[in-house]
Amino acid sequence: MIWNLITIGGGAAGFFGAITHAEMGGGSTLILERTSQVLGKVKISGGGRCNVTHDCQEPKAFSAHYPRGEKALIGPLHRWGATETIAWFEAHGVALKTEADGRMFPVTNDSQTIMDCLQDAADDAQVEVRRRCEVTAIRLDSGVFTFVLSDGEVLRARNVLLATGGTRAVSGAKLAESLGHALVPPVPSLFTFKVPDPRLKDLAGVSVDRVDCAIEGTRLKASGPLLVTHWGMSGPGILRLSAWGARELAEKDYQFTMQVDWLPEKGAEAVLRRCRETWGKRQLPVRTPFTEVPIRLWVRLLERDGVSEGQLWSQLTRDQLKALVEQLHQATFEVRGKSMNKDEFVTCGGVDVREIDLKTMESRRCPGLFFAGEIMNVDGITGGFNFQNAWTSGYHAGMTMAHRKTQF
Ligand SMILES: Cc1cc2nc3c(=O)[nH]c(=O)nc-3n(C[C@H](O)[C@H](O)[C@H](O)COP(=O)(O)OP(=O)(O)OC[C@H]3O[C@@H](n4cnc5c(N)ncnc54)[C@H](O)[C@@H]3O)c2cc1C
1 MIWNLITIGG GAAGFFGAIT HAEMGGGSTL ILERTSQVLG KVKISGGGRC NVTHDCQEPK
61 AFSAHYPRGE KALIGPLHRW GATETIAWFE AHGVALKTEA DGRMFPVTND SQTIMDCLQD
121 AADDAQVEVR RRCEVTAIRL DSGVFTFVLS DGEVLRARNV LLATGGTRAV SGAKLAESLG
181 HALVPPVPSL FTFKVPDPRL KDLAGVSVDR VDCAIEGTRL KASGPLLVTH WGMSGPGILR
241 LSAWGARELA EKDYQFTMQV DWLPEKGAEA VLRRCRETWG KRQLPVRTPF TEVPIRLWVR
301 LLERDGVSEG QLWSQLTRDQ LKALVEQLHQ ATFEVRGKSM NKDEFVTCGG VDVREIDLKT
361 MESRRCPGLF FAGEIMNVDG ITGGFNFQNA WTSGYHAGMT MAHRKTQF
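Under the numbering used here, think of the first position of the sequence shown as 1, with each following residue one higher.
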């Protein structure tokens, strides 16, 4: 038998591409998944809730959330973006809700809802799914692809959708290379920073709603919430910085100096001077003068600047005040390594998008070969952007293959 489409990889992108192909009349469709479980990342995504997409209907604004792929995705998102994704899930029985920060989840708050929806849609469209089937080699002979599985079985198809996920796992990368593609080397994105600094000791769990961070000697900057962890710093602001700086920070072997402005929207000096005048008899460590800076962090900054436990505001010296202003607006931290973010991480790198026709997701090197999802050198920041890449690219690939079939 020659399949019309074999999709390699049973993740979000592979499923969406295969379902689209089959629903649009593309004919026989098979998904091959090397593990015993399909949609494994969907299951664990978004802390078990699956952040499906982001509430941003404007393609250009949406694509600004991709450190890799920003320009490449504008066109594809115009034709299939968040609006179409939301409508698709609605039409397949899944209502999504939007949280205050724009992230969209199933109303059930359960990623199983998305898994069930994709599996049901695949069943309804008669997509066949085979688990524990790893594709180890692929070649194209006279317009037909031949697939070799790890158990030696050989399959054949007219089209192939390569949706094997991030290329840190070499299996999919090798298949893409064997069909003539160059890969941008993979490095992790969306990680947290290890910061062995006494100012942060025992502060795990303390968070600041908005900080500005910048990495010295680079143009990397980001704003957002910061969370102190047991090993250093996390939170959306840090994750954003790690995503935009994924390659540059890898080149630095994750050893760099970071500057943090804990009060980007306030001038600390005027407030401190006012407190010195009006709170003269109060002790400095008892109460934070900034609602933005939690008391435990405030006390650590005071300790760093040599303010003693019982020191009064009236005793705050000019040098101490100056040092505090610096601590609040330009605190420097030595970052000494990274930790993978348990909520979400992706690969920066993959198949070079210049080798892909982004209208169709077809390879420019090998006709009949299509790409979708994280295997491409496209990755977003947290917030539902990585799944949207999977839905968008999967849709275009599936639709193109189906249209070609129906035109014959
Ligand atoms: C913990 C975590 C949480 C996340 N949460 C979110 C979130 O809430 N929102 C969001 O937008 N993004 C999230 N992401 C990112 C998102 O999950 C990925 O970007 C997305 O799953 C990529 O989909 P994909 O189909 O391209 O790849 P994958 O989901 O990685 O699927 C690829 C599949 O291909 C299979 N495969 C690989 N090689 C072969 C082979 N040779 N033969 C057969 N099968 C093969 C793999 O086993 C895998 O099942 C999260 C990531 C992680 C790690």
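For glycine and all other residues, C-beta sits at the position ideal for the given N, C-alpha and C.
Proximity of residue i and residue j at Cβ, strictly below 7 angstroms
i: Val52; j: Met115; result: no
i: Leu183; j: Thr167; result: yes
i: Tyr254; j: Lys201; result: no
i: Cys133; j: Leu149; result: yes
i: Ala397; j: Phe370; result: yes
i: Ser234; j: Leu227; result: yes
i: Val208; j: Trp262; result: yes
i: Pro196; j: Arg282; result: no
i: Arg68; j: Asp352; result: no
i: Gly232; j: Ala222; result: no
i: Arg296; j: Leu203; result: yes
i: Phe62; j: Leu77; result: yes
i: Ala13; j: Ala372; result: yes
i: Pro59; j: Gly81; result: yes
i: Leu358; j: Ala72; result: yes
i: Val127; j: Ala22; result: yes
i: Leu140; j: Leu190; result: no
i: Leu162; j: Ile381; result: no
i: Gly172; j: Ser111; result: no
i: Val260; j: Leu284; result: no
i: Met104; j: Thr98; result: yes
i: Pro294; j: Val206; result: yes
i: His329; j: Ala268; result: yes
i: Asn159; j: Gly368; result: yes
i: Lys405; j: Gly10; result: no
i: Thr192; j: Asn341; result: yes
Residue i in three-state terms, based on DSSP
i: Ile8; result: strand
i: Ser223; result: strand
i: Arg336; result: strand
i: Pro76; result: helix
i: Thr136; result: strand
i: Trp3; result: strand
i: Cys348; result: strand
i: Leu190; result: coil
i: Lys359; result: coil
i: Lys409; result: This structure leaves residue 409 out entirely; the chain is present only between 1 and 408.
i: Arg364; result: coil
i: Leu203; result: coil
i: Glu216; result: coil
i: Arg131; result: coil
i: Ala372; result: coil
i: Pro185; result: strand
i: Gly398; result: helix
i: Thr83; result: helix
i: Val378; result: coil
i: Thr229; result: coil
i: Val148; result: strand
Contacts around residue i, its chain only, beta-carbon distance under 6 angstroms, and the 5 residues preceding and following it disregarded
i: Gly280; result: Trp313, Ser314
i: Arg130; result: Leu32
i: Pro264; result: Asp212
i: Leu301; result: Gln327
i: Ala214; result: Lys221, Gln259
Other residues of its chain near residue i: CB distance less than 7 angstroms, five sequence neighbours each side excluded
i: Ala121; result: Ile19, His92
i: Arg304; result: Arg199, Gln327
i: Val187; result: Ala246, Arg247, Ala250, Cys348, Gly349
i: Gly102; result: His54, Asp55, Cys56, Gly383
i: Gln320; result: Asp305, Gly306, Val307
i: Ser28; result: Trp3, Asn4
i: Cys366; result: Leu140, Leu179, Gly180
i: Cys50; result: Val42, Phe105, Pro106, Ser111, Ile114
Neighbourhood of residue i by C-beta, 8 angstroms cutoff - its chain only, sequence neighbours within 5 removed
i: Ala430; result: In this structure the chain extends from 1 to 408, so residue 430 is not present and cannot be described.
i: Ser393; result: Ala13, Gly17, Pro76, Met361, Phe371, Ala372, Gly373, Met376, Val378
i: Asn386; result: Glu344, Val346, Glu374, Asp379, Gly380
i: Ile44; result: Ser111
Minimum Cβ-Cβ distance from residue i to chain C less than 7 angstroms
i: Gln327; result: Of the protein chains in the structure, only one exists, and it is not chain C.
Under 8 angstroms: do the stretch 270-289 and the stretch 233-252 share three or more Cβ pairs, one atom per stretch?
no
Every unbroken alpha helix (DSSP H) inside the stretch 235-323 [4 residues or more]:
236-244, 246-251, 268-278, 295-304
Determine, using beta-carbon pairs with one atom in the stretch 390-401 and one in the stretch 350-363, whether at least three such pairs fall under 8 angstroms.
yes
So within the stretch 153-182, which uninterrupted alpha helix (DSSP H) runs reach at least 4 residues, ignoring any that extend past its ends?
170-178
Jot down the residue ranges of each uninterrupted alpha helix (DSSP H) in the stretch 12-65, minimum 4 residues, whole runs only, in chain order.
12-23, 40-48, 59-63
My parser needs the alpha helix (DSSP H) runs of 4 or more residues fully inside the stretch 86-125; what are they?
111-124
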